[in-house]
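Residue numbers (this note's numbering), protein chains in the order written: chain A, 5 to 474; chain B, 3 to 429.
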């Protein structure tokens, strides 16, 4: 009881501290608009690579027209391409990064597009999105430079540009979620000039990039419900024997473990090979067929859990379908546009993260898998699991073939509750092991009724004392 | 033992969840009830016969006497640079400005707070106190428009078209008897224009942005007194009043940000309001008097989407004045410059306003007038600036945020040396 009370006290203190931190934090975040603008501002997001910096510019079309004389207010993607040369020339004149010693970088403005945006208190407006590659002279430092930039603000002197870093591999910022503000570019009203922004991202290292990739890989498998579900549904009937064309009876624990190990290994091999080939070969595989293939793989797994489709050949199936999952993993790396050196390190880290978390999850699921097979309710539980998984897989399949549906949304949503998922897995693992240990001590007791009795016995301080059958 | 540990773990998680939920509920409850908790506080001296700054102090004390100690604590704050410069034109509520929210006050407390403003601000028609209250009403118009926008896309009411209003002929700095923005025939209270169609944008958007007269905040930075140094700090969306008192005198009536959306509207009782019409008209008369040559000299090459010296741009006056020098203008035109400055200055009490106007008149020949965009002040980007040795006035037209098919106004009045009563230096 003392331990519980201590735990509660600690939890309460932590909660209060959390509120104490969260409230001022919310106020501070809210305070930033004080300096903000009722007019939309520009946004520049930097992706810092090994030898170059990619910049994504988001420019309000109205202010852009005033400053550049290029009116894009009615532009569509088609008409934009006619003005593309003028837009690129204008941007090229006003984006002027340089080394700290003053040597100009090379600037190449790439893809242009028009989209809609809304900022706090601006209402909706159209914005021009431009991608640019900023390249320092050979050997130049991409982490410290002088960002000369006066797009729009050279003319619209009240215009403000927020500069942030979206991806910085060597600093361990790889998840593409959230950005780190670097600074604000605005006119110095005293001199009516636009000072260049000094960018200093500090030291980066391969180790930080690698660690971040391990974390990204682990996070990816944990939140990517589909990969996990495929593996688990394939493992579900592993401890069962096949009689005729149905799952019936048990195989020995050792056989079950060997099967689980082989399936997991084959899945790992499959997705690792595909991930490496796709990433290193920089294959440009379209996303939706791969994603649809993954949904189909889960559906096949679910059917197999109902009726054995390929008994004894689960490992091969896991390996082949694993290839598809590996391709999907490679999209994450492809999006990061990494240099080859960073890519190899990333591949290792990312894959390691995936395997570590996958191993952890399989270990957590293992006791439950073995236990469930021994319950009298096994067929019901297995069929329920297969039905749920099959439904999710169908939802995903339709969604990925272009038919968005609530089932897919719900299934994707499940991936956001990673803590709950881990808690449930850990909970079942502990329960299963407890039961197994208790059952071993009382060989007379068998089946589901034993589990119930253990539940009732929990209150008993002397849980190890012999218990008479109910 | 194993099963006990499991059970304890589960109990712990459940208790944790209960605690978390309970904790948040308690936190919310305290936010709601904290402001109304009765607590005794020392009464401050009130003198109904006081004049000048003493009258402002008395009104401030009378207001504080209506508050409990918690409310007083959120109203009377340090006269620090951080507090003084915490103002914004944005509808960012209390997240960007200190003070006690009008929305949290009882009717009596609110009346008492408004009395402080009435004593502290100018008494001219459509300036000072009237002007400030109209700014709050404009925000209520925005709040209603936001609330009804999803349902009233096809509503027939039209906002009054202030852009067609003619400036009056008088060049006098006196408030004119009638405002020139002609009332229209609409009897409805709300301009509808084209409010954004629902969604999370506009007023109810992220960061707790909200419109309405309840989201205006009053603070006294330093203890109100007729001998010490303190500041009356009042504002909300489109409004920032900063009046600094020192030794019984007004040491600065700026920075003063005033803007408005919609630029005019007709209230339920049929009265048409246009809080910035007088401000705009003074500038229109001035720019309208300029010859082609003078206009060419006054025109700025840069474009403006907002005022240059808005919030957080304190002390950052351009080192070089731009535009046409007032000494190059005719005596009649020079009078128009003074008249154009007057509405902003007239938002402080009348005696102080007269004093400031005297200073600005003395410095008039060294003052510059500049504009950008058109001179009509009816199009996004139309901009006028008056920049003197002391005075700084900016007026800019911006596309509407709630009424998207109209423009709205942002303006700021600063003083190169008297902002915040010269209490702070900005580097």
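Virtual Cβ for every residue (Gly too), placed ideally from N, Cα, C.
This structure is a prediction, so every number in the text was calculated from the model and none was measured.
Cβ pair residue i, residue j closer than 8 Å
| i | j | result |
| --- | --- | --- |
| residue 299 of chain A | residue 375 of chain A | no |
| residue 361 of chain B | residue 329 of chain B | no |
| residue 215 of chain B | residue 104 of chain B | yes |
| residue 347 of chain B | residue 359 of chain B | yes |
| residue 188 of chain A | residue 162 of chain A | no |
| residue 283 of chain B | residue 124 of chain B | no |
| residue 480 of chain A | residue 57 of chain A | Because chain A spans 5 through 474 in this model, residue 480 of chain A falls outside it and cannot be assessed. |
| residue 231 of chain B | residue 65 of chain B | no |
| residue 269 of chain B | residue 250 of chain B | no |
| residue 412 of chain A | residue 405 of chain A | no |
| residue 420 of chain B | residue 254 of chain B | yes |
| residue 254 of chain A | residue 243 of chain A | yes |
| residue 301 of chain A | residue 323 of chain A | no |
| residue 331 of chain A | residue 282 of chain A | yes |
| residue 361 of chain A | residue 225 of chain A | yes |
| residue 292 of chain B | residue 300 of chain B | yes |
| residue 414 of chain A | residue 400 of chain A | no |
Those residues which DSSP pairs with residue i across a bridge
| i | result |
| --- | --- |
| residue 64 of chain A | A:131 |
| residue 412 of chain B | B:261 and B:398 |
| residue 166 of chain A | A:47 and A:188 |
| residue 254 of chain B | B:246 |
| residue 388 of chain B | B:371 and B:395 |
| residue 121 of chain A | A:129 |
| residue 301 of chain B | B:373 |
Spatial distance of residue i from residue j (CA atoms)
| i | j | result |
| --- | --- | --- |
| residue 62 of chain B | residue 150 of chain B | 37 Å |
| residue 217 of chain A | residue 292 of chain A | 24 Å |
| residue 220 of chain A | residue 354 of chain A | 6 Å |
| residue 236 of chain A | residue 269 of chain A | 13 Å |
| residue 389 of chain B | residue 99 of chain B | 27 Å |
| residue 138 of chain B | residue 263 of chain B | 11 Å |
| residue 326 of chain B | residue 305 of chain B | 17 Å |
| residue 453 of chain A | residue 379 of chain A | For residue 453 of chain A, the predicted structure reports a pLDDT of 43, less than 50, and the residue's modelled location is therefore unreliable. A value from the coordinates is still provided. So the alpha carbons of these two residues sit roughly 9 Å apart. |
| residue 239 of chain A | residue 267 of chain A | 7 Å |
| residue 239 of chain B | residue 127 of chain B | 22 Å |
| residue 46 of chain A | residue 142 of chain B | 30 Å |
| residue 389 of chain A | residue 395 of chain A | 10 Å |
| residue 286 of chain B | residue 60 of chain B | 39 Å |
| residue 78 of chain B | residue 107 of chain A | 54 Å |
| residue 306 of chain A | residue 229 of chain A | 15 Å |
| residue 352 of chain A | residue 431 of chain A | 31 Å |
| residue 418 of chain B | residue 109 of chain B | 38 Å |
| residue 181 of chain A | residue 356 of chain A | 21 Å |
DSSP state of residue i mapped onto helix, strand, coil
| i | result |
| --- | --- |
| residue 96 of chain B | helix |
| residue 423 of chain A | helix |
| residue 318 of chain B | coil |
| residue 45 of chain B | coil |
| residue 187 of chain A | strand |
| residue 15 of chain A | Note that residue 15 of chain A has pLDDT 43, beneath the 50 cutoff, so the model's placement of it is unreliable and the number below is only indicative. Correct three-state label for residue 15 of chain A: helix. |
| residue 332 of chain B | coil |
| residue 235 of chain B | strand |
| residue 254 of chain A | strand |
| residue 396 of chain A | helix |
| residue 96 of chain A | helix |
| residue 426 of chain B | coil |
| residue 83 of chain B | helix |
| residue 151 of chain A | strand |
| residue 58 of chain A | strand |
| residue 160 of chain A | strand |
| residue 383 of chain A | helix |
| residue 324 of chain B | coil |
| residue 219 of chain B | strand |
Review point. Per the contact definition of three or more C-beta pairs closer than 8 Å, is the segment 309-317 of chain A in contact with the segment 362-375 of chain A?
Key: no
Check your understanding: Any contact of the segment 110-123 of chain A with the segment 166-174 of chain A, i.e. 3+ C-beta pairs under 8 Å?
Key -> no
Review point. With a cut-off of 8 Å, do at least 3 Cβ pairs link the segment 139-157 of chain A to the segment 63-75 of chain A?
Key: yes
Exercise for review: Specify whether the segment 261-280 of chain B and the segment 112-124 of chain B touch according to this definition: at least 3 beta carbon pairs, one from each stretch, less than 8 Å apart.
Suggested key: no
Check your understanding: Counting Cβ pairs, one atom from each stretch, are 3 or more of them under 8 Å apart for the segment 95-111 of chain A and the segment 189-196 of chain A?
Key -> no
Check your understanding: Is there contact between the segment 378-385 of chain B and the segment 331-344 of chain B, where contact requires at least three CB pairs shorter than 8 Å?
Key -> no
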